[in-house]
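Chemist:
2 protein chains.
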Amino acid sequence: MEEVQHAVREADPPQASTIAIPPAARPGDPIEAVDTPSLILDLDAFEDNLRTMQVLAERHGVALRPHAKAHKCPEIAIRQVALGASGICCQKVSEAVPFVAAGVRDVLISNEVIGAPKLALLARLARQAHMSVCVDNVRAVEALSSMMVEYEATVNVLVDIDVGQKRCGVQTPEEAVSLARLVQKLPNISFVGVQAYHGGLQHKRSLDQRQKAADKTVRAIRGYLDAFARAQIECPVVSGGGTGTAAFDVASQVYTEIQAGTYAFMDTDYAAIDWGDALAFRHSLYLLGTVMSTPTPERAVVDLGLKSTSAESGAPRIADHPDLRCVAVHDEHCILLAGSRRSRPEVGTQLRLIPGHCDPTFNLHDCIVAVRGQHVEALWPISARGLSR
Amino acid sequence: MEEVQHAVREADPPQASTIAIPPAARPGDPIEAVDTPSLILDLDAFEDNLRTMQVLAERHGVALRPHAKAHKCPEIAIRQVALGASGICCQKVSEAVPFVAAGVRDVLISNEVIGAPKLALLARLARQAHMSVCVDNVRAVEALSSMMVEYEATVNVLVDIDVGQKRCGVQTPEEAVSLARLVQKLPNISFVGVQAYHGGLQHKRSLDQRQKAADKTVRAIRGYLDAFARAQIECPVVSGGGTGTAAFDVASQVYTEIQAGTYAFMDTDYAAIDWGDALAFRHSLYLLGTVMSTPTPERAVVDLGLKSTSAESGAPRIADHPDLRCVAVHDEHCILLAGSRRSRPEVGTQLRLIPGHCDPTFNLHDCIVAVRGQHVEALWPISARGLSR
Numbered sequence: 001m002e003e004v005q006h007a008v009r010e011a012d013p014p015q016a017s018t019i020a021i022p023p024a025a026r027p028g029d030p031i032e033a034v035d036t037p038s039l040i041l042d043l044d045a046f047e048d049n050l051r052t053m054q055v056l057a058e059r060h061g062v063a064l065r066p067h068a069k070a071h072k073c074p075e076i077a078i079r080q081v082a083l084g085a086s087g088i089c090c091q092k093v094s095e096a097v098p099f100v101a102a103g104v105r106d107v108l109i110s111n112e113v114i115g116a117p118k119l120a121l122l123a124r125l126a127r128q129a130h131m132s133v134c135v136d137n138v139r140a141v142e143a144l145s146s147m148m149v150e151y152e153a154t155v156n157v158l159v160d161i162d163v164g165q166k167r168c169g170v171q172t173p174e175e176a177v178s179l180a181r182l183v184q185k186l187p188n189i190s191f192v193g194v195q196a197y198h199g200g201l202q203h204k205r206s207l208d209q210r211q212k213a214a215d216k217t218v219r220a221i222r223g224y225l226d227a228f229a230r231a232q233i234e235c236p237v238v239s240g241g242g243t244g245t246a247a248f249d250v251a252s253q254v255y256t257e258i259q260a261g262t263y264a265f266m267d268t269d270y271a272a273i274d275w276g277d278a279l280a281f282r283h284s285l286y287l288l289g290t291v292m293s294t295p296t297p298e299r300a301v302v303d304l305g306l307k308s309t310s311a312e313s314g315a316p317r318i319a320d321h322p323d324l325r326c327v328a329v330h331d332e333h334c335i336l337l338a339g340s341r342r343s344r345p346e347v348g349t350q351l352r353l354i355p356g357h358c359d360p361t362f363n364l365h366d367c368i369v370a371v372r373g374q375h376v377e378a379l380w381p382i383s384a385r386g387l388s389r
Numbered sequence: 001m002e003e004v005q006h007a008v009r010e011a012d013p014p015q016a017s018t019i020a021i022p023p024a025a026r027p028g029d030p031i032e033a034v035d036t037p038s039l040i041l042d043l044d045a046f047e048d049n050l051r052t053m054q055v056l057a058e059r060h061g062v063a064l065r066p067h068a069k070a071h072k073c074p075e076i077a078i079r080q081v082a083l084g085a086s087g088i089c090c091q092k093v094s095e096a097v098p099f100v101a102a103g104v105r106d107v108l109i110s111n112e113v114i115g116a117p118k119l120a121l122l123a124r125l126a127r128q129a130h131m132s133v134c135v136d137n138v139r140a141v142e143a144l145s146s147m148m149v150e151y152e153a154t155v156n157v158l159v160d161i162d163v164g165q166k167r168c169g170v171q172t173p174e175e176a177v178s179l180a181r182l183v184q185k186l187p188n189i190s191f192v193g194v195q196a197y198h199g200g201l202q203h204k205r206s207l208d209q210r211q212k213a214a215d216k217t218v219r220a221i222r223g224y225l226d227a228f229a230r231a232q233i234e235c236p237v238v239s240g241g242g243t244g245t246a247a248f249d250v251a252s253q254v255y256t257e258i259q260a261g262t263y264a265f266m267d268t269d270y271a272a273i274d275w276g277d278a279l280a281f282r283h284s285l286y287l288l289g290t291v292m293s294t295p296t297p298e299r300a301v302v303d304l305g306l307k308s309t310s311a312e313s314g315a316p317r318i319a320d321h322p323d324l325r326c327v328a329v330h331d332e333h334c335i336l337l338a339g340s341r342r343s344r345p346e347v348g349t350q351l352r353l354i355p356g357h358c359d360p361t362f363n364l365h366d367c368i369v370a371v372r373g374q375h376v377e378a379l380w381p382i383s384a385r386g387l388s389r
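Same order as they appear, the protein sequences are chains A and B.
If you read the first sequence in UniProt numbering, its first letter stands for residue 1, the second for the next number, and so on.
If you read the second sequence in UniProt numbering, its first letter stands for residue 1, the second for the next number, and so on.
(1) Alpha carbon to alpha carbon, how far is A/L179 from A/S146?
(2) Give the straight-line distance between the Cα atoms of A/A378 and A/R79, rounded to the nearest whole angstrom.
(3) Against B/E112, what residues of chain A qualify as contacts under a CB-to-CB distance less than 9 Å, listed in chain order?
(4) Any idea which residues DSSP pairs A/A196 with across the strands?
(5) Our contact map puts A/T294 next to A/R344 with C-beta atoms below 8 Å; I'd like the distance itself, whole angstroms only.
(6) Should A/K185 go down as buried or exposed, given a rule of 16 or more other Cβ atoms within 10 Å for buried?
(7) Quick one: list the residues of chain B neighbouring A/P360, beta-carbon separation under 7 Å, in chain order.
(8) Is it buried or exposed for B/A20, if we count other Cβ within 10 angstroms and need 16 for buried?
(9) Helix, strand or coil: how does DSSP classify B/P381 here?
(10) Run down chain A in chain order and give the residues with a C-beta less than 9 Å from the C-beta of B/R124.
(11) For A/T309, collect the residues of the same chain with a Cβ closer than 6 Å to its Cβ; drop the 5 residues on either side in sequence, then sort them by chain order.
(12) Got a sec: which bits of the region 81 to 96 of chain A sit with their beta carbon under 8 Å from any beta carbon on chain B, in order along the chain?
(13) Which residue comes first and which comes last in the beta strand (DSSP E) that contains A/D42?
(14) Throw me the rounded Cβ distance for the A/H203 and A/I88 pair, which I believe falls under 8 Å.
(15) Which residues of the region 250 to 276 of chain B have a Cβ closer than 7 Å to any Cβ of chain A? Give them in chain order.
(16) Going by C-alpha to C-alpha distance, which of A/R325, A/A33, A/V170, A/Y263 sits closest to A/H67?
(17) Could you say if the region 321 to 334 of chain A and the region 370 to 386 of chain A meet the contact criterion of at least three C-beta pairs nearer than 8 Å?
(18) Which whole-angstrom value describes the C-beta separation of A/L121 and A/L144, a residue pair presumed to lie in contact below a C-beta threshold of 8 Å?
(19) What does B/A140 touch in chain A if you count any residue whose Cβ is under 9 Å from its own?
(20) Specify the secondary structure class of A/N49 as computed by DSSP and reduced to three states.
(21) With three or more beta-carbon pairs closer than 8 Å as the criterion, would you say the region 121 to 134 of chain B touches the region 89 to 100 of chain B?
(22) As a quick exercise: from A/E175, A/G244, A/A231, A/N188, pick the residue whose alpha carbon is nearest that of A/L207.
(23) Round the Cβ separation of B/L225 and B/V250 to the nearest angstrom and send it over; I've been treating them as touching at under 8 Å.
(24) Give the range of the alpha helix (DSSP H) segment to which B/V183 is assigned.
(25) Can you check DSSP and say which residues form a bridge with B/V34?
(26) Using the C-alpha atoms, what's the distance from A/D42 back to A/A280?
(27) Output needed in chain order: residues of the region 169 to 183 of chain B with a Cβ under 8 Å from some Cβ in chain A.
(28) Taking only the alpha-carbon atoms, compute the straight-line gap between A/S388 and A/G240 and give it to the nearest angstrom.
(29) Just how far apart, CA to CA, sit B/C326 and B/A311?
(30) How big is the Cα-Cα spacing for B/E3 and B/Y270?
(31) May I ask which residues mark the beginning and end of the alpha helix (DSSP H) holding B/T309?
(32) Could you give the distance in angstroms between the alpha-carbon of A/A82 and the alpha-carbon of A/G103?
(33) Using a Cβ-Cβ distance under 8 Å, would A/L50 count as near chain B?
(34) Please compile the residues from chain A whose C-beta is within a distance smaller than 7 Å of the C-beta of B/E312.
(35) Please name the residue, chosen from B/A196, B/R205, B/V157, B/A246, that lies closest to B/R222 on a Cα-to-Cα basis.
(36) For A/H357 versus A/D215, is the C-beta spacing smaller than 8 Å?
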């Protein structure tokens, strides 16, 4: 080992100091100058998507409350609200903090909140913004009320009902009514309605399957609403729905607000379903990568992997290159196979990849490079990245 | 909608200001007080693992150069170096920045580096620390040398050889020799050896299969070393190996340094392989979660999902609860099924989960909560989290 050490090491370099890592891009840069891997947003497609969903919701008199867990980016949320969204959803209390700081005044935590640190943070947020939260448990409701009293804050409460998702949520209308009564009885919390989200049916492939599944969900919700009516409990809010079923949800006459998130971006998961003629959302979200190795005539390796794109629902798809296929996603590499030597890109080639699942992909990046046409318009911080408490 | 708005909204709250999110824990806290989800490190097990691998390498006169891509945490790297590691590996140039800033003086970028922004950053690092880098392409070698000349920096170069991984790396000994000659010819870069990493064989289940696969890799490496000898090119460094094959790698007489990373932490991937009697690493890395919903007698939902744990290689395993099984990992939830009503934990219960794959899991967290026994000892920033360029 002595010899090895000698061969490898030179004289000691000067004392280290922290080197600033330059930003991936600067406004005005051409796309080719963006350092990779980077998450990029095609603003024209993104703005089209925002308008399409907003118009759809308004046409049916239903509120759009986009889910900010999809993007975790306040710059995106304030554009959704400016276009007419009634507020946003967040999935975690800490996630809501940068959105409230950016001026979003109405946030539904579309999830159960358990534990004193989280309830205290929720109470502090509720003194600055209109906060709502979901419940499915008696003791959790009691803890929520106590903390709100302690902080002299108030919060709106939705009873979470399980309409087939098999995740959280009460299982029967009787439980829902009993929990709503408890909420009505306790101080500093107000019962306003139910959350009925069913993520599983968002990705059913055929339009017809999704329509049938959405109808079944609507029938389940009606069962709950009937129980509330019999118990003479007003239930003004029914929150739920998603990108895959939005066209049915807005027309269902049960939802008062839609929680869609992915519609603004799309991903390979959602691109794989049949959208019919009714609705069209465009891919606006890409990963920009660079070919870093071409070891064989058919193989190209791109400089991004699991640390830049989620892959639990499949490998990313290569945009604009139908002859290139991603066959493996390693921690920092995607392995591409070309159909022929001619179609294999050279080292240094920039490629756009469409992520498999947009939500966890946003959560890997500190900022998104917003692009208009062929140039960078802005860098938007993904301020809620990693805020999972 | 007018009525809904009225029911949900109260008077406008005071103007928002940014609320600071409290840290997940403070030194001295009992584990029960740690907010979730959090990544926790059992320091006793972690330190055992560091010593086990260091001793193994030293006994065979082989250098240990732990892979920092596994943890991205300078506090961990400086402990590895303090115990005797010869330096570290990083997979990306930007990833190396916080480690060099923390005082690590010898970093191998165990990967190809393509593009001017990355080469410029590498050159700046090379003026502060001993930097090495891998190459597998003629033009990349030329670009590397040019940039080092421009910055008046020098860098050591390893030719990356593909010994079965089918990712990057030259395909034949002739290519390797020709690339080494080019490196020797060009200014400010020095040929020091080869990188021969084969990730695929790390996870082969049986000890015997791994031994055979490792032997095959060693034979492939010898083919390259013979070609260098025939060409009269000195090749002092052979870098490669990993946690799964470490026991064979150190005894192989070809590797001069081992790039293992996961040995310090372990995960369900590595726990699933047969370790034989020779070597034992302990689980030191856990996700701390809280049960947030128990909607049915058998189902419990934990407050962490894909944004806190990687799941592309399987769901996390629940520690200390053999009767609890994770059946689904959503973006922010793990769905657990209990074998019986009795074994289903209550809302508020803290659980420790073992992640499926440690590298991408570290990359989701901003800090790790280092725990000694039942108390928090420190919070270590995962400073290279998200540094993927």
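Each residue gets a CB set at the ideal place from its N, CA and C atoms; glycine is no exception.
Modeler: Reading from the atomic positions:
(1) 16 Å
(2) Their backbone Cα atoms lie some 14 Å apart in a straight line.
(3) Those within 9 Å of B/E112 in chain A are M292, S293, V301, D303, V347.
(4) A/G240
(5) At roughly 6 Å, the Cβ-Cβ gap stays under 8 Å, so A/T294 and A/R344 are in contact.
(6) So A/K185 ends up on the exposed side.
(7) Result: L306, K307, D331.
(8) exposed
(9) strand
(10) I19
(11) L287, P316, P355, T361, listed in sequence order.
(12) S86, Q91, K92, S94
(13) Counting along the chain, the beta strand (DSSP E) containing A/D42 begins and ends at 38 to 42.
(14) A/H203 to A/I88, Cβ: 22 Å. No contact.
(15) T256
(16) A/Y263
(17) Three or more beta-carbon pairs separated by less than 8 Å are not found between the region 321 to 334 of chain A and the region 370 to 386 of chain A, which leaves the two stretches without contact.
(18) Their Cβ separation, rounded to whole angstroms, is 12 Å, which puts A/L121 and A/L144 out of contact at 8 Å.
(19) Simply M292, S293, V347, G348.
(20) Helix, per DSSP.
(21) yes
(22) Nearest C-alpha to A/L207: A/G244.
(23) Incorrect: roughly 17 Å between the Cβ atoms, too far for contact.
(24) 173 to 185
(25) B/V34 pairs with nothing; no bridge assigned.
(26) Taking the straight line joining both Cα atoms gives about 16 Å.
(27) Within the region 169 to 183 of chain B, the residues whose Cβ lies closer than 8 Å to some Cβ of chain A are G169, V170, Q171, listed in chain order.
(28) 21 Å
(29) 11 Å
(30) Here B/E3 scores only 42 on pLDDT, less than 50, and its place in the model should not be relied on; the value that follows carries that caveat. Answer to the nearest angstrom: the Cα atoms are 57 Å apart.
(31) That residue, B/T309, is in no alpha helix (DSSP H); it is neither H nor E in DSSP.
(32) 11 Å
(33) no
(34) L306, A311, E312
(35) B/A196
(36) Against a cut-off of 8 Å, the Cβ pair of A/D215 and A/H357 comes out as no contact.
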